[in-house]
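Residue numbers (full-length UniProt numbering), protein chains in the order written: chain R, 1 to 260; chain Z, 1 to 260.
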């Protein structure tokens, strides 16, 4: 299970925190670290705070954009403090561990391998942006006190990795499949979902339901709805098939208009 | 419960770690910190890493000997790596939290107040001595991997304090809101959902995506997807608004056809 979990640090400012994250990961048996556009990296401070976990740093992927970190991931969870503009499904670290365990261990469909799960941690001073949070199926919140709620990023990674390790060690307690039943089809991955959302947005503009000059919270609301359901590959294909049918009708209409 | 828990740091070498411990404690709602003969304290590095938790540092007790830190404590637990010379009762952080919860909440005897619990963390390089460990009722072990088992002391305190907080928050799991967050809008009821599904089905027939003579498993798949997400009233309204826009486009197309 733990080798299917990717820790993604977005725009980390202090390299010491990257080192402390590597140490926390290695202590708990995780190894897949991805750094999205870190401010200073590589850096001596990272190596010092890694305290021997330099192999994690050496094999860490460094990418420019978040979506590069998420391409092959089928479940994306973002660390968040409370009180975002649009509520999103929020789980605590223990629930995250249970979900991650069942996601990565039960392959679905013939020859399917376990899902890759990405857990995102934002900037030291202001966490993840709303746009980044809206790419997530769930948000994970470490239940800190009101008024002093911001954990150090390495401390947050330590807590999450600890729960993942506890779940992998004591799996009998959480050995429940996603949604309580064995699923018949592999879940859609991040890239497939993003293409579906792009197609949906274009279509909503075409049918004049979405005004691109005044989009309000329409796409975030629809993203939240579909991501909450964690669609499988066939469901995404069905949704795209519906959108294509709408597109075709629109097109034949314009042809009719042009024919006159 | 949490105000009856004392975190005791024994002979800490790096003042930055003391600051990080103060921050972790405050994040999780603990406040009783005791420093046994720290190497450098007070120190600017402690204040910097405390990141606003300076009240914890200001009120921390500093003592010369461990026994001074434990005088009023009725339960003492020492953080320990595996494999000590003499086996001792070892619990994991979750078990510690359960024991601490019942110890501090259940007073013993008439008019007894809850017990004070001390949790000890040793030196960065070699932890607690055997003598110190033998002053403990239990040892708590964070289940790290063999061969890379030593957590940073502040990371270890973070994990323990997190488990204590989880225990204090989730003593009854029943009254948690759906999706772990307070939702802003009432959930759609059965009748609203059924009207939405009827509308969806009619529309899919209109756009010739669904063949009523050969419907296969299309509607069941779509029902399963949307029901899994448990839509709220606004989400259902948004979905019906999208369907209406498609209907309107279809209608204007038929009008065009009829006009010819």
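From the three backbone atoms N, C-alpha and C, an ideal C-beta is built for every residue, glycine too.
Residue i by DSSP, collapsed to three states: which one?
{"i": "residue 66(R)", "result": "helix"}
{"i": "residue 241(R)", "result": "helix"}
{"i": "residue 18(Z)", "result": "helix"}
{"i": "residue 86(R)", "result": "coil"}
{"i": "residue 199(Z)", "result": "helix"}
{"i": "residue 6(R)", "result": "strand"}
{"i": "residue 36(Z)", "result": "strand"}
{"i": "residue 117(Z)", "result": "strand"}
{"i": "residue 207(Z)", "result": "coil"}
{"i": "residue 74(R)", "result": "coil"}
{"i": "residue 158(Z)", "result": "helix"}
{"i": "residue 217(Z)", "result": "coil"}
{"i": "residue 102(R)", "result": "helix"}
{"i": "residue 251(Z)", "result": "helix"}
{"i": "residue 12(Z)", "result": "coil"}
{"i": "residue 145(Z)", "result": "coil"}
Hey, is residue i close to the ligand SAM, as in C-beta under 7 Å from one of its heavy atoms?
{"i": "residue 78(Z)", "result": "The model on display carries no ligand, and the ligand SAM is accordingly not part of it."}
Alpha carbons only, please: which of the options is nearest the one belonging to residue i?
{"i": "residue 32(Z)", "options": "169(Z), 204(Z), 129(Z), 120(Z)", "result": "120(Z)"}
{"i": "residue 73(R)", "options": "137(R), 59(R), 196(R), 148(R)", "result": "137(R)"}
{"i": "residue 240(R)", "options": "248(Z), 236(Z), 209(Z)", "result": "209(Z)"}
{"i": "residue 81(R)", "options": "127(R), 189(R), 221(R)", "result": "127(R)"}
{"i": "residue 41(Z)", "options": "191(Z), 245(Z), 51(Z), 58(Z)", "result": "58(Z)"}
{"i": "residue 135(Z)", "options": "156(Z), 67(Z), 48(Z)", "result": "67(Z)"}
{"i": "residue 171(R)", "options": "102(R), 29(R), 151(R)", "result": "102(R)"}
{"i": "residue 223(Z)", "options": "197(Z), 236(Z), 5(Z), 115(Z)", "result": "197(Z)"}
{"i": "residue 232(R)", "options": "188(R), 206(R), 28(R)", "result": "188(R)"}
{"i": "residue 185(R)", "options": "148(R), 234(R), 77(R)", "result": "234(R)"}
{"i": "residue 21(Z)", "options": "140(R), 154(R), 8(R), 45(R)", "result": "154(R)"}
Does any C-beta atom of chain A lie closer than 8 Å to the C-beta of residue i?
{"i": "residue 97(R)", "result": "The structure shown contains no chain A; the protein chains it does contain are R and Z."}
For residue i, write down the residues that DSSP places opposite it in a beta bridge.
{"i": "residue 187(R)", "result": "232(R)"}
{"i": "residue 79(R)", "result": "140(R)"}
{"i": "residue 127(R)", "result": "123(R)"}
{"i": "residue 91(Z)", "result": "140(Z)"}
{"i": "residue 61(R)", "result": "34(R)"}
Name the chain Z residues that come within less than 9 Å of residue i, Cβ to Cβ?
{"i": "residue 52(R)", "result": "148, 150"}
{"i": "residue 1(R)", "result": "Going along chain Z, no residue has its Cβ under 9 Å from residue 1(R), so there is no contact; the nearest lies around 14 Å."}
{"i": "residue 222(R)", "result": "235, 238, 239, 242"}
Run through chain R and tell me which residues come within less than 7 Å of residue i, C-beta to C-beta.
{"i": "residue 117(Z)", "result": "Correct list: empty, because the minimum Cβ distance to chain R is about 19 Å."}
Along chain Z, in chain order, which residues have C-beta atoms closer than 7 Å to that of residue i?
{"i": "residue 245(R)", "result": "207, 208, 209"}
{"i": "residue 165(R)", "result": "143"}
{"i": "residue 23(R)", "result": "152"}
{"i": "residue 17(R)", "result": "Residues of chain Z passing the Cβ test: none, with the nearest at roughly 11 Å."}
What does residue i touch in chain Z if you count any residue whose Cβ is under 8 Å from its own?
{"i": "residue 169(R)", "result": "143"}
{"i": "residue 250(R)", "result": "249"}
I want to verify the contact list: residues of chain R whose CB lies under 9 Å from the CB of residue i, in sequence order.
{"i": "residue 179(Z)", "result": "87, 88, 89, 90, 91, 138, 228"}
{"i": "residue 27(Z)", "result": "142, 144, 145, 148, 149, 150, 151, 152, 155"}
Which chain R residues are close to residue i, counting only those with a beta carbon under 8 Å from its beta carbon?
{"i": "residue 94(Z)", "result": "166"}
{"i": "residue 253(Z)", "result": "249, 252, 253, 256"}
{"i": "residue 20(Z)", "result": "152, 155"}
Residues of the region 137–159 of chain Z whose Cβ lies closer than 8 Å to any Cβ of chain R, in chain order: 142, 143, 144, 145, 148, 149, 150, 151, 152, 154, 155, 158, 159
In chain order, what residues of the region 204–219 of chain Z put their CB closer than 8 Å to some CB of chain R? 204, 207, 208, 209, 218
Compile a chain-ordered list of the residues in the region 226–245 of chain R whose CB is closer than 9 Å to at least one CB of chain Z. 226, 227, 228, 229, 230, 231, 232, 234, 235, 238, 239, 241, 242, 244, 245
Using Cβ-Cβ distances below 8 Å, what residues of the region 181–206 of chain Z are close to chain R? 181, 182, 183, 184, 204
Could you name the residues of the region 69–81 of chain R whose beta carbon sits closer than 7 Å to any beta carbon of chain Z, in the order they occur along the chain? none
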